[in-house]
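S.K.: Below are the structure tokens for one structure; questions will follow.
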Amino acid sequence: MARVIVDVMLKPEIHDPQGEAVLSASHRLGFGVVTGVRQGKRFELEIDGPADSAALAAIEELARELLANPVIEEFTVSTG
Amino acid sequence: MSDKDTVQVATASPDQPQPFAELGLTPAEYAKIKDILGRRPTAAELALYSVMWSEHCSYKSSKVHLKRLAPNEEQARKLLAGIGANAGVVDIGQGYAVTFKIESHNHPSFVEPHQGAATGVGGIVRDILAMGARPVAVMDALRFGPAEAHDTARVLPGVFSGISFYGNCLGLPNIGGELAFDPCYAGNPLVNALCVGIMRHADLKAAVANGPGNKVVLFGSRTGPDGVGGASVLASATFGGGDGKARAKRPSVQVGDPFMEKLLVECCLELYAEGLIEGIQDLGAAGIACATTELAAGGEGGMRVTLDDVPLRDPSLTPAEILMSESQERMMAVVAPDRVPAFLGVCAKWDVEATVIGEVTGDGTLTMTWRGGTVVSIPPRTAADGPVYQRPMARPADLDSLQATAPDGLDRPKDGPALLATLLALLGSADEADKSWVTAQYDRYVRGNTVLAMPEDGGLLRVDEQTQLGIALATDGNGRYCRLDPYRGTQLALSEAYRNVAMTGATPAAVTNCLNFGSPEDPQVMWQLAEAVRGLADGCAALGIPVTGGNVSLYNQTGDAAIHPTPVIGVLGVHDDVRRRLAAGFATDGAQVVLLGATREEFGGSAWAHVVHQHLGGRPPAPDLHAERTLATLVATAASDGVLASAHDLSTGGLAIALAEACLRGARGCRVTLPGDPFTALFSESAARAVISVTPGREDEFAALCAAHGVPATVLGQTGGDTLAIEASFEVPLPELRRAWEGTLPALFG
Amino acid sequence: MRIGVVTFPGSLDDTDAARAVRHAGAEPVPLWHADRDLRGVDAVILPGGFSYGDYLRCGAIARFSPVMAELVPAARAGLPVLGICNGFQILCEAHLLPGALTRNAGLRFITRDVRLAVANTDTAWTSHYAPGQQLLVPLKSGEGAYAADPATLDELDRAGRVVVRYANAPNGSARGIAGVCNEAGNVVGLMPHPEHAIDPLTGPSGDGLGFFTSVVRAFAGADG
Chain B
1 MARVIVDVML
11 KPEIHDPQGE
21 AVLSASHRLG
31 FGVVTGVRQG
41 KRFELEIDGP
51 ADSAALAAIE
61 ELARELLANP
71 VIEEFTVSTG
Chain D
81 MSDKDTVQVA
91 TASPDQPQPF
101 AELGLTPAEY
111 AKIKDILGRR
121 PTAAELALYS
131 VMWSEHCSYK
141 SSKVHLKRLA
151 PNEEQARKLL
161 AGIGANAGVV
171 DIGQGYAVTF
181 KIESHNHPSF
191 VEPHQGAATG
201 VGGIVRDILA
211 MGARPVAVMD
221 ALRFGPAEAH
231 DTARVLPGVF
241 SGISFYGNCL
251 GLPNIGGELA
261 FDPCYAGNPL
271 VNALCVGIMR
281 HADLKAAVAN
291 GPGNKVVLFG
301 SRTGPDGVGG
311 ASVLASATFG
321 GGDGKARAKR
331 PSVQVGDPFM
341 EKLLVECCLE
351 LYAEGLIEGI
361 QDLGAAGIAC
371 ATTELAAGGE
381 GGMRVTLDDV
391 PLRDPSLTPA
401 EILMSESQER
411 MMAVVAPDRV
421 PAFLGVCAKW
431 DVEATVIGEV
441 TGDGTLTMTW
451 RGGTVVSIPP
461 RTAADGPVYQ
471 RPMARPADLD
481 SLQATAPDGL
491 DRPKDGPALL
501 ATLLALLGSA
511 DEADKSWVTA
521 QYDRYVRGNT
531 VLAMPEDGGL
541 LRVDEQTQLG
551 IALATDGNGR
561 YCRLDPYRGT
571 QLALSEAYRN
581 VAMTGATPAA
591 VTNCLNFGSP
601 EDPQVMWQLA
611 EAVRGLADGC
621 AALGIPVTGG
631 NVSLYNQTGD
641 AAIHPTPVIG
651 VLGVHDDVRR
661 RLAAGFATDG
671 AQVVLLGATR
681 EEFGGSAWAH
691 VVHQHLGGRP
701 PAPDLHAERT
711 LATLVATAAS
721 DGVLASAHDL
731 STGGLAIALA
741 EACLRGARGC
751 RVTLPGDPFT
761 ALFSESAARA
771 VISVTPGRED
781 EFAALCAAHG
791 VPATVLGQTG
801 GDTLAIEASF
811 EVPLPELRRA
821 WEGTLPALFG
Chain Z
831 MRIGVVTFPG
841 SLDDTDAARA
851 VRHAGAEPVP
861 LWHADRDLRG
871 VDAVILPGGF
881 SYGDYLRCGA
891 IARFSPVMAE
901 LVPAARAGLP
911 VLGICNGFQI
921 LCEAHLLPGA
931 LTRNAGLRFI
941 TRDVRLAVAN
951 TDTAWTSHYA
961 PGQQLLVPLK
971 SGEGAYAADP
981 ATLDELDRAG
991 RVVVRYANAP
1001 NGSARGIAGV
1011 CNEAGNVVGL
1021 MPHPEHAIDP
1031 LTGPSGDGLG
1041 FFTSVVRAFA
1051 GADG
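Residue numbers (this note's numbering), protein chains in the order written: chain B, 1 to 80; chain D, 81 to 830; chain Z, 831 to 1054.
Right, here's the structure in full:
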């Protein structure tokens, strides 16, 4: 049993109104130090067996097919 | 230790201390339970009684008063199921029946506005579903603290996003409701959700478990620790009171999944269509505890449940927690053994998990086992029926002086410009301002049968595409009127909802109610409740329509400060032909504008007194139920004859607001002359009045109808132009009115 | 003519799409998401709603349904397909249409009657309209902002594949795009709901009926 993390973010050029809303709220709370926010998704996958290169390749394919929409999103895969 | 507390153990350890007080039971109630069982209760039984006997589930403080609402013979004839069944059912003709109910989710919405409001919608929808109906629309009546208050900005947007999130995903059009503000709701917002469903007469389902050998099936979401001790506990105590008891309760809020609820709706309707169930109950407050006791109590025999078979999201739950869990989107059905495979098959088709957890027995006992031990063994009716209290009542000490402080002496606008300034102030006040900012978040179109929705006076749904049969709905309440006089104020709320339904051209047929009050341990609150129920009972009898059911929400107070008594009344009407519906806005130029009804100097609790002078005193307007009836009959007749171009009732803000709204909604002006004193004509809030515009060319016909129905009719003027013009007073361009009206809510809440 | 209307778990406007089909003079045929079977229909509608609760992304799970395994090749072979709102989202996720639908710029769900202009009357679903015809149709969505990279947007403009445009997009859609079509013009997706504008009694106008009468007329015409 191992854990694999897939982080999905909107591509940089895609408008992120949720991130903007979070930025405004941060400023309203006094956190002027924050100058930008982008919001994404984190998937924690439990897999059978070790997180070896074969498993990671399979997860990458899953990420491309399902977890991320390649038209507007990009992703990274890592072990948790 | 609690999961090993079986009946055997309890019998052997009678003096074991138990946390009954933390669970909300009084020492007397605890003693009563021991009396009923002949021993101390097990931990699971204690949990079960504590939630079933909570105020929210048992209505123990209000039951004696609610008895007044039982229908007389005339009222009962239209009912297929009355108070006590999950939701009242009304015959609307052509073989159709309608079930509707309004329910509160006040305390959870203060704690977690989005989920509190969302799960409130979910709960009332399941109530309707459990009657055998397809839910077809929702409405919501909402009350918050002052619009500019910091905490209102926390609670309000969350409530709207929650209702929108749940209702839209579930696919139910939101066709109306109310939004009001008052300081008394600051720590206790009111979130009352209404749902209406339609079915054929034969589809009516009952919440009974009959037939020994029939299986008990739990289906829907898995059971988790959501809201353990939630709605039932939360709604049975005040927030932050002086007693440590309130602090000990965990304010736990259930989390909703509208997608699962949508699957549950379609699944249930298919189960009903296939004739696969004998009885059904939805799981709301007090979850499995409530569903099992009510199903068992509703039948003649008993029930046996294996708690180990309840599908769990969290395997560490104890029997007490399983019983108290308020996980959402669950139903419980009684199914004949030979139908179980087909039942499970339909559930599988809809991806709804379903598990047989027990069966109906003939022994008159509700028995539950866990890991081989019996953890519950009780007579179900003793839990379902609960205690009945005659709480002490006392007329509020300050009521005499409050009623004596009428707003008659307050400064009144004397000339045209001052009258206009008052109109603009009222139009832009949070209570009267345009609510589109809110309602744009709701889907009104889904299901394709919405004929009228907010901001119209009532929502109107088409029921039959061939015959054009329809139903109209409205909800209304007025906390300020009720604070001044709960009896009159409740009748005024009933009158307004009745009148709103009549404005669409429908005939009012039935009533539901959500009674929002402070703590029943305060005699002054109990007096208010008793007066309100008396007012409602008398009012419905005078109007000839039955109360089909409803909800009581008590403990809406923070410390000593109770909310204004706020009964919210929902009225359902039947429309013969929705193509003949009327809307509020002036529909055509050159139409005669007529004021229907009689106007007196009545400003107690009025919008003018509140907005301009922050004054609450005097007596509210006098209800006139006979006049409401004749007005409603007149409008229904005129609508079906096509004599009217528009109809809009008068309520808070009087004729001034009604005229402004008719102009703004119709996007056309009018020119009118006021009878008598302009201030009274514009801002008095006398009941049983409406402003209508007549189909051009049919003025004489309408005048004759008014005379025949005995409704006073005063011709005010004519529609047309792009201003609201009050002769010899003021003339205001519509864009200026619109600015005052549309800007308020977006400016406050973004 | 028989027009299939697919029901996914969570579809909401399937009954309304079926009603629109009947009003247009065709027979609606219910298609179940789990069946690899289009039942020999002449066209398919993917209706609005919240299939799979909009979990993961709108339409992301529905696009893998068995019925879609039948639909995708049929669409590529010329079967007329109309995706409305969630249906449009599913068509984009299934790559039958370019681009994607993202969260409304204002972050809130919006129900609003919007003015649209029909920009392409050569598609299977818009042939009954006049070029540039103005429609008043309900929009009701939380994720309705059309997004695509500049090259795709330019190609859509160049090839005339924007089918309907907002007069004033309330959701931040790129270039005011309310609906697009594939290269062949048989697959159309749009966010607003024409099935809710077939009768002024229950909608803002009857302007939406044209989407449905377009395929019905073309089919009747083709049959001679």
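We treat Cβ as the ideally placed atom computed from N, Cα and C, and that holds for glycine.
(1) Would you be able to state if there are at least three C-beta pairs under 8 Å between the stretch 900-918 of chain Z and the stretch 985-1000 of chain Z?
(2) Cβ of D/D207 within 8 Å of Cβ of D/D85?
(3) Within 10 Å of its beta-carbon, does D/L490 have 16 or more other beta-carbons around it, so buried, or fewer, so exposed?
(4) In the DSSP assignment, the beta strand (DSSP E) including Z/W862 goes from what residue to what residue?
(5) Rank D/L804, D/A124, D/E807 by C-alpha distance to the C-alpha of D/A457 and give the top, closest one.
(6) Taking the straight line between their C-alpha atoms, what separation do you get for D/N558 and D/P566?
(7) Sort out for me which residues DSSP pairs D/C221 with in a bridge.
(8) Taking the CB atoms as reference points, tell me whether D/G630 and D/K181 lie closer together than 8 Å.
(9) Once DSSP output is grouped into helix, strand and coil, what is the label at Z/D844?
(10) Output the distance between the C-alpha atoms of Z/G879 and D/A463, rounded to the nearest integer angstrom.
(11) Quick check on DSSP: helix, strand or coil for Z/W1055?
(12) For the candidate residues D/A573, D/A664, D/A371, D/A552, whose alpha-carbon lies nearest to that of D/R560?
(13) Determine the direct distance from the alpha carbon of D/D537 to that of D/C620, and round the result to whole angstroms.
(14) Run down chain Z in chain order and give the residues with a C-beta less than 8 Å from the C-beta of B/H27.
(15) Please confirm if D/Q521 has its CB atom under 8 Å from at least one CB of chain Z.
(16) Whose C-beta lies closer than 7 Å to the C-beta of D/R542 among residues of the same chain, with five residues either side of it excluded?
(17) What are the boundary residues of the beta strand (DSSP E) that includes D/P175?
(18) So, with DSSP's three-state summary, where would you put D/R327?
(19) Compare the C-alpha of D/P703 against each of D/R393, D/G684, D/A689 and name the closest.
(20) Do the stretch 85-97 of chain D and the stretch 61-68 of chain B touch if we need at least three Cβ pairs shorter than 8 Å?
(21) Would you kindly work out how many angstroms separate the C-alpha atoms of Z/T845 and Z/V967, rounded to a whole number?
(22) Just to make sure I have the definition right: I need the residues of chain B whose C-beta is within less than 8 Å of the C-beta of Z/G1002. Which are they?
(23) So, for D/P391: in the same chain, excluding its five sequence neighbours on each side, which residues have a beta-carbon less than 8 Å away from its beta-carbon?
(24) At a cut of 8 Å, does the stretch 590-602 of chain D reach the stretch 637-655 of chain D through at least three beta carbon pairs?
(25) Smallest Cα separation from D/I112: which of D/V715, D/L103, D/Y129?
(26) Take D/Q334 and list the residues in its own chain whose beta-carbon comes closer than 8 Å to its own, dropping the five residues that flank it on each side.
(27) State the Cα-Cα distance for the pair D/E708 and D/N186, rounded to the nearest angstrom.
(28) Alpha helix (DSSP H) containing D/S244: first to last residue?
(29) Residues of chain D with CB closer than 9 Å to the CB of Z/P839, please, in chain order.
(30) Can at least three beta-carbon pairs, one atom from the stretch 754-761 of chain D and one from the stretch 491-501 of chain D, be found at a separation below 8 Å?
(31) Should Z/F1049 and Z/D872 be called a contact, given that it needs their Cβ atoms to be closer than 8 Å?
(32) Please state the DSSP three-state secondary structure of D/M211.
(33) Thinking C-beta only, is D/P263 closer than 8 Å to D/P237?
(34) From the DSSP output, in three-state form, read off Z/H1023 for me.
(35) Taking 8 Å as the CB-CB limit, is Z/E857 close to chain B?
(36) So is D/R327 in contact with chain Z if we call contact Cβ pairs under 8 Å?
M.R.: In brief:
(1) no
(2) no
(3) exposed
(4) 857-862
(5) Per the sequence presented here, residue 457 of chain D reads as Ser, with Ala not at that position. Of the candidates D/L804, D/A124, D/E807, the one whose C-alpha sits nearest the C-alpha of D/S457 is D/A124.
(6) 10 Å
(7) What sits at residue 221 of chain D in the sequence shown is Ala, not Cys. Answer is D/E258, D/N272.
(8) yes
(9) helix
(10) 41 Å
(11) The requested residue 1055 of chain Z does not occur in the structure, where chain Z is confined to residues 831 to 1054.
(12) D/A573
(13) 20 Å
(14) None at all; the shortest Cβ gap to chain Z is about 16 Å.
(15) yes
(16) N529, V531, Q548, G550, V658
(17) In the sequence on display, residue 175 of chain D carries Gly and not Pro. Counting along the chain, D/G175 falls outside any beta strand (DSSP E), and DSSP gives it neither H nor E.
(18) Residue confidence is low: D/R327 scores 32 on pLDDT, short of 50, so the model does not pin down where it sits. Its coordinate-derived value is still stated next. Correct three-state label for D/R327: helix.
(19) D/G684
(20) no
(21) 18 Å
(22) H15, P17
(23) L298, R302, T303, E433, T435
(24) yes
(25) The question names Ile, but residue 112 of chain D in the sequence shown is Lys. The residue with the shortest Cα to Cα distance from D/K112 is D/Y129.
(26) P188, Q195, T199, D306, G307, G310, A311, E406, S407, Q408
(27) 31 Å
(28) 230-250
(29) F339, K342, L343, E346, W430, D431
(30) yes
(31) yes
(32) coil
(33) no
(34) coil
(35) no
(36) Legend: pLDDT at D/R327 = 32, less than 50; position of this residue unreliable, no value from coordinates given.
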